[in-house]
Amino acid sequence: MFYESVKAAWEERKVHIGLPAFAFREPTITGRGWLYAFKVFLLNGKERQALIDIAEHEVACVAQIFGEVEDWTPEQRETVRRSLRKFGFPVFPPSQRELETSTPQRRLLIWEGRQRAKQVLERTL
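Residue numbers (the working numbering): 1 to 125.
Next comes the structure, spelled out in structure tokens:
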């Protein structure tokens, strides 16, 4: 009943879908403010699972972006930025910590930081 409303609110970052880092717990869906929290509460199990599946699919799509950031399309960069806003950085267990630096999210932020540093240096010279 409220599925479309909650899905639209998720796109606007008014609803958060928390995916577990190591599958230690179940995914969570929380709303910001009482209205969205109430709408999330009224979702049935199938609607909740559909939202979680969409979120997991989006995360999987971002994880498949390879190559240098310079070679990415603008759509790929925006997809990674949107993933950062919605989910933050991927978290790995301590035994796989070295994988964190190779994620698209971290590579994009490092690349953007270098681009901004170049711009600042060009302005000062």
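All C-beta atoms, glycine included, are put in the ideal place defined by N, C-alpha and C.
Query, Result
"6 Å CB neighbourhood of Leu42 in its chain, flanking five on each side removed", "Phe2"
"Member of Leu19, Pro27, Glu26, Trp34 whose CA lies at the smallest distance from the CA of Ala9", "Trp34"
"Nearest candidate by alpha-carbon position, reference Pro74, set Ile17, Glu112, Val40", "Glu112"
"Proximal residues to Leu84 (C-beta, below 7 Å), its chain only, five neighbours per side dropped", "Gln105"
"Entirely enclosed beta strand (DSSP E) segments - the region 60-105, minimum 3 residues", "none"
"Range of the contiguous beta strand (DSSP E) that encloses Gly18", "15-18"
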